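Down below is the structure, laid out as structure tokens.
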Ligand code: UDP
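Numbering (UniProt numbering), first residue to last: 1 to 454.
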């Protein structure tokens, strides 16, 4: 029996415009769509998602007036502030109109907003509908905000350089070095304000997490003591959602045919995600580390991700000739498919949370090269808690890079890591399968959203 849109409940999603944030939000949309909700995606004009990839959603562009400000990642705090300021009115006004037209949009019952997009909550309050927050990071990372804010209030920072390797209080495996922002210098006030905002959810009635009980249970239960609203742990979202493309950059699919020609578990895949960049020296040392390591490799080098060049102009002379067919470089890969390919045996990663989950779900062991934000805490968990990755201790040294690759791909330590990551994959599979913890939590979430009055 087809359910008419007018009878459907409609969930409004408010994603943050970076790749690592928009992807899990769109995946959540897919999941809720498959549960019978209609979905409106309210998004900034800047970095807007491609509606053609999601014909089942209604897209609502919000006038963000961001064209006058510098939208580079260096200016992100100002962008977030402007976005929250500028988009609240347009979201409220558009939704007020949409709520009058139930035939077309369904019964708007709830706004799910990215923690950065707090205007989603303000709009929900104004329209007197429920709001929920989507946390696109792990709970152990989220805890670092609380610790930073608490220690800052006690005038604990800036911390001496020599103390950075000491354990941070109440953060289990994490050290001061792994926190969300450097703490050996004065933490800028706007950063503290952002952490404050991102850890207080006002009137919101629930938190949706892209994580699982198995990965994160200690931090989750500690956070649950602080937030008295229900948690829904429905990760890894990419495994719970029907597959679809959420990439801003065009995926180069030729690498799949190249992977088909490689031996099982022989290829090292390298990617630093959608934001991190590297200096020429790191590019050069990585290139020679890969050349000397002897393994086939698939390397994503995003346009403009090497400081001072458009793409791969700064690769060292003689490198490409020396590796020949053994190396394949692309601007952007279909990463989830790459990691699922039987030829891939290791992932040199910046440890973004999506990449971390995608790699764990395919049992691909990692070499961790975190750059900033949650990547540092994720890397620490990968290497020291779950023990499914090796730390790259020096990123500008070809010998260290080569040795780390060999350790992961050829030596006994690599085999032990592979065994552990296989066990983790099995646990994740269990959590998403019928009766598993994420499966059950999604049923609870569906029931919860259906209980909201409209
Ligand atoms: N990604 C991709 N192709 C690439 C590189 C990355 O599809 O060549 C995707 C990857 O699968 C992940 C996202 O981009 O879903 C990156 O998110 P993550 O949280 O790992 O890192 P961020 O980009 O936010 O730093």
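For every residue, glycine included, the Cβ atom is placed at its ideal position computed from N, Cα and C. Just so we're clear, the structure is a prediction, and the values are computed from it rather than from any experiment.
- About 6 Å separates the beta carbon of residue 176 from that of residue 159, a gap short enough to meet the 8 Å contact definition.
- Residue range 344-349 is occupied by the beta strand (DSSP E) that includes residue 347.
- Around residue 243, the same chain offers 336 as residues with beta carbons nearer than 8 Å, after the five sequence neighbours per side are excluded.
- Contact between residue 390 and residue 236 fails: their C-beta atoms lie close to 22 Å from each other, not under 8 Å.
- At a cut-off of 7 Å, the beta-carbon of residue 105 does not count as near the ligand UDP: no heavy atom of the ligand is closer than that.
- In this structure, the alpha-carbon of residue 54 lies about 25 Å from that of residue 129.
- Taking a contact to require three or more Cβ pairs closer than 8 Å, the region 341-352 and the region 318-333 do not qualify as touching.
- Around the C-beta of residue 453, fewer than 16 other C-beta atoms lie within 10 Å, and the residue is accordingly described as exposed.
- Here residue 18 carries a coil assignment [DSSP, helix/strand/coil].
- Listed as beta-bridge partners of residue 270 by DSSP are 299, 348.
- Two segments are said to touch when three or more pairs of C-beta atoms, one from each, lie closer than 8 Å; by this definition the region 310-323 touches the region 288-295.
- Between residue 26 and residue 15, the gap from beta carbon to beta carbon is short of 8 Å.
- In this structure, DSSP gives residue 117 a state outside helix and strand, which the three-state scheme calls coil.
- Placement of the Cβ of residue 298 at a distance of 7 Å or more from every heavy atom of the ligand UDP is found.
- Distance from the CA atom of residue 204 to the CA atom of residue 196, rounded to whole angstroms, is 15 Å.
- Fully enclosed alpha helix (DSSP H) runs of no fewer than 4 residues occupy 335-340, 353-361, 374-380, 398-409 of the region 335-418, in order along the chain.
- Secondary structure at residue 31: helix, using DSSP grouped into helix, strand and coil.
- Taking 8 Å as the cut-off, the beta carbon of residue 422 is found closer than this to the beta carbon of residue 363.
- Ranked by Cα distance from residue 179, the first of 56, 46, 377, 111 is 377.
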